[in-house]
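Beneath this line is the structure, given in structure tokens, with notes to follow.
Protein chains: 2
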Amino acid sequence: MIPVETCEPFFNYMRKFVELDTDTMQLIADHTSEVTLPEKHLLLLEGNPCDKIYFIVSGLGRSYYTDFSGKTITWNFYFNTQESVSKNLFATDYRAFLSNTVSSIAVEALTEIHAFLFTKKEVHYLTEKSFTYERWLRKLNETAFMNMYDRAFTLLTMAAADRYEKLVKEESHLLQMFSNYYIASYLGIAPQSLSRIRSQH
Amino acid sequence: MIPVETCEPFFNYMRKFVELDTDTMQLIADHTSEVTLPEKHLLLLEGNPCDKIYFIVSGLGRSYYTDFSGKTITWNFYFNTQESVSKNLFATDYRAFLSNTVSSIAVEALTEIHAFLFTKKEVHYLTEKSFTYERWLRKLNETAFMNMYDRAFTLLTMAAADRYEKLVKEESHLLQMFSNYYIASYLGIAPQSLSRIRSQH
DNA sequence: TTTCTTTATTCACAAATGTGAACGGTTTTA
DNA sequence: TAAAACCGTTCACATTTGTGAATAAAGAAA
């Protein structure tokens with residue numbers, strides 16, 4: 001429950017997919033909340049149920065899986081910039097959120113984060129009350145699907161050096177925002193291997 | 202435009218996610234068609250736009266990417282059995298279908314295939330006319346997303362032998378239905394490497 | 001400032017995976 | 001039936017990628 005004006009950053013994002021009327025905007029503003037999370041805060045723990053979605057307004061987040069040896073593998077980055085319109089905005093384990101299973105990843109705040117918070121209950125309520133929200137969610141799921149498709153397809157069909165080149169072309173802002181240590185495991189390679197690839201330009 | 206009764210296999214699938222009334226069923230039956238495709242038929246070509254979705258009723262399909270050297274990499278399998286309720290039924294490049302870009306994969310019939318065909322136009326019409334269809338599509342997109350999530354996560358975090366073990370546990374029917382040559386590239390490994398993994402039991 | 005971390009890089013070596021060839025066995029086709 | 005194509009496997013060897021250690025530079029903390 002927050003003032004409608006405060007919700008504008010989120011509405012602007014929704015407007016990429018659907019048109020919004022005042023009733024819908026009011027309904028949404030009534031069923032979300034604003035949160036500030038300090039640096040190093042864990043938004044979600046591995047093995048926990050996930051019933052929240054954070055829509056990032058500002059700040060940086062990262063999710064990771066911890067393998068058998070204790071190493072972390074970066075699953076995704078979360079932030080909000082002009083460039084990244086339909087990706088990286090929702091910090092959560094969306095698979096766990098949808099399927100009511102426990103999370104396979106942890107999500108951490110790399111800086112202080114400002115976000116809108118939606119609980120599972122709120123999302124469900126909004127789909128019941130608003131056709132616009134239902135349609136927006138359908139389209140959001142489509143882009144989430146396409147992003148995952150691209151991730152899986154890239155990992156399946158491209159070698160490490162080509163995956164890095166693709167990242168340089170399509171997501172070069174990540175290189176400015178995150179350490180190579182994080183980028184490497186996001187690409188599915190060891191940090192030293194990423195160095196090797198970079199040196200062979 | 203087909204008789205409502207004929208559509209039952211598809212309705213049964215929809216009922217996993219939503220309840221169906223007679224109006225909705227009639228609407229859907231009026232906006233789909235039935236097709237039979239011979240063995241070796243190509244349902245979709247690499248580099249072509251994709252404005253069709255085939256819902257498999259019977260038969261086997263496979264999609265693949267052709268790499269720089271001409272080798273094919275299996276992207277997915279398509280079939281309809283009791284076990285596989287929410288996967289493998291839609292033969293298409295759904296990413297290309299959604300984004301109006303050209304397909305990165307080809308889809309071929311490995312046997313004769315019976316399927317319901319939905320064009321992009323028909324899908325769009327149905328979302329405009331039926332809230333039930335819109336909601337079903339939202340949930341379909343959610344399972345499509347979860348399947349892709351699992352695929353990407355597996356490729357990112359597990360070694361080849363573990364990916365094979367996971368397939369044995371979770372999708373062992375694939376081993377009965379498709380050659381190891383196809384299974385190997387689906388797992389992201391060479392056929393010889395799959396043999397090696399299998400021999401080390 | 002000095003010290004302590006973190007980061008990126010390089011190296012030598014190990015491990016994992018790919019490659020091309022060869023082989024029987026099966027299935028398909030002529 | 002015979003020939004051809006395909007399939008799964010094994011082998012030796014090549015290539016790619018991971019690993020642990022070492023180093024230097026940059027940043028953060030004291």
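Taken in sequence, the protein lines are chains X and H. Under this note's numbering, the residue at position 184 of the first sequence is numbered 184, and the numbers go up by one with no gaps. When you read off a place in the second sequence, starting at 1, and then add 201, the result is the number in this note's numbering. No residue lacks a Cβ here, since even glycine has one placed at the ideal position from N, Cα and C.
Boundaries of the alpha helix (DSSP H) in which residue i is found, first to last residue
i, result
"Asn-141/X", "131-157"
"Leu-187/X", "Element bounds for Leu-187/X: n/a, residue is neither H nor E."
"Ser-99/X", "94-99"
"Glu-209/H", "209-215"
"Val-168/X", "160-170"
"Thr-225/H", "223-231"
"Leu-174/X", "173-177"
Cβ distance (whole Å) where residue i is taken to contact residue j below 8 Å
i, j, result
"Leu-245/H", "Thr-275/H", "The pair is not a contact, with the Cβ atoms about 15 Å apart (cut-off 8 Å)."
"Phe-97/X", "Lys-120/X", "7 Å"
"Tyr-164/X", "Thr-358/H", "Incorrect: roughly 18 Å between the Cβ atoms, too far for contact."
"Phe-346/H", "Phe-145/X", "4 Å"
"Lys-241/H", "Glu-329/H", "No, Lys-241/H and Glu-329/H are not in contact; Cβ-Cβ is about 37 Å, not under 8 Å."
Nearest to residue i (by Cα), restricted to the options the options
i, options, result
"Val-168/X", "Leu-187/X, Thr-157/X, Asp-21/X", "Leu-187/X"
"Asn-80/X", "Asn-12/X, Thr-32/X, Asp-30/X", "Asn-12/X"
"Thr-72/X", "Ser-58/X, Asn-88/X, Glu-46/X, Lys-87/X", "Glu-46/X"
"Ser-300/H", "Thr-24/X, Arg-135/X, Glu-165/X, Thr-143/X", "Thr-143/X"
"Gly-70/X", "Tyr-133/X, Ile-105/X, Thr-157/X", "Ile-105/X"
"Pro-38/X", "Thr-24/X, Thr-22/X, Leu-60/X", "Leu-60/X"
"Leu-341/H", "Ser-396/H, Val-205/H, Thr-358/H, Val-219/H", "Val-219/H"
"Leu-356/H", "Thr-333/H, Ser-304/H, Ile-390/H", "Ile-390/H"
"Ala-361/H", "Gln-377/H, His-325/H, Ala-385/H", "Ala-385/H"
"Asp-23/X", "Tyr-133/X, Gln-176/X, Lys-166/X", "Tyr-133/X"
"Leu-137/X", "Ser-193/X, Tyr-94/X, Val-102/X", "Tyr-94/X"
"Phe-379/H", "Ser-394/H, Met-359/H, Thr-358/H, Thr-312/H", "Thr-312/H"
"Leu-42/X", "Glu-170/X, Ser-63/X, Gln-26/X, Tyr-125/X", "Ser-63/X"
"Cys-208/H", "Asp-222/H, Lys-217/H, Gln-227/H", "Gln-227/H"
"Leu-89/X", "Asn-147/X, Tyr-65/X, Glu-170/X", "Asn-147/X"
"Tyr-182/X", "Tyr-78/X, Arg-135/X, Ser-130/X, Val-102/X", "Tyr-78/X"
"Ala-353/H", "Asn-76/X, Val-107/X, Leu-194/X", "Asn-76/X"
"Thr-101/X", "Pro-49/X, Asp-67/X, Leu-175/X", "Pro-49/X"
"Met-202/H", "Glu-235/H, Lys-288/H, Phe-346/H, Ser-396/H", "Glu-235/H"
"Lys-288/H", "Arg-336/H, His-374/H, Asp-268/H, Lys-330/H", "His-374/H"
"Phe-131/X", "Ser-58/X, Val-4/X, Glu-171/X, Asp-21/X", "Asp-21/X"
"His-124/X", "Lys-330/H, Thr-328/H, His-325/H, Arg-336/H", "Arg-336/H"
Span of the beta strand (DSSP E) around residue i
i, result
"Phe-278/H", "273-279"
"His-41/X", "From DSSP, His-41/X is part of no beta strand (DSSP E); its letter is neither H nor E."
"His-315/H", "314-320"
"Phe-256/H", "253-259"
"Arg-263/H", "262-267"
"Glu-5/X", "Run containing Glu-5/X: none; DSSP gives neither H nor E here."
"Val-303/H", "Element bounds for Val-303/H: n/a, residue is neither H nor E."
Proximity test, residue i beta-carbon vs the ligand ZN heavy atom, cut-off 7 Å
i, result
"Asp-23/X", "Here there are no bound small molecules, and the ligand ZN is not part of this structure."
- request: Name, going along the chain, the residues of the segment 126-160 of chain X whose beta-carbon falls closer than 8 Å to a beta-carbon of chain H.
  value: Thr-127, Phe-131, Glu-134, Arg-135, Leu-137, Arg-138, Asn-141, Glu-142, Ala-144, Phe-145, Met-146, Met-148, Tyr-149, Asp-150, Arg-151, Ala-152, Phe-153, Leu-155, Leu-156, Thr-157
- prompt: Going along the segment 86-118 of chain X in order, which residues come within less than 8 Å of chain H, judged by CB to CB distance?
  reply: Tyr-94, Arg-95, Leu-98, Ser-99, Ser-104
- prompt: Is the segment 307-318 of chain H close to the segment 245-264 of chain H, with three or more CB pairs under 8 Å?
  reply: yes
- prompt: What residues from the segment 384-397 of chain H come within 7 Å of chain X, judged by C-beta to C-beta, listed N to C?
  reply: Gly-389
- prompt: When you check each C-beta in the segment 255-281 of chain H against every C-beta of chain X, which residues fall closer than 8 Å?
  reply: Tyr-266, Asp-268, Ile-274, Trp-276
task: For the segment 223-234 of chain H and the segment 194-201 of chain X, state whether three or more C-beta atom pairs, one from each stretch, are separated by less than 8 Å.
output: no
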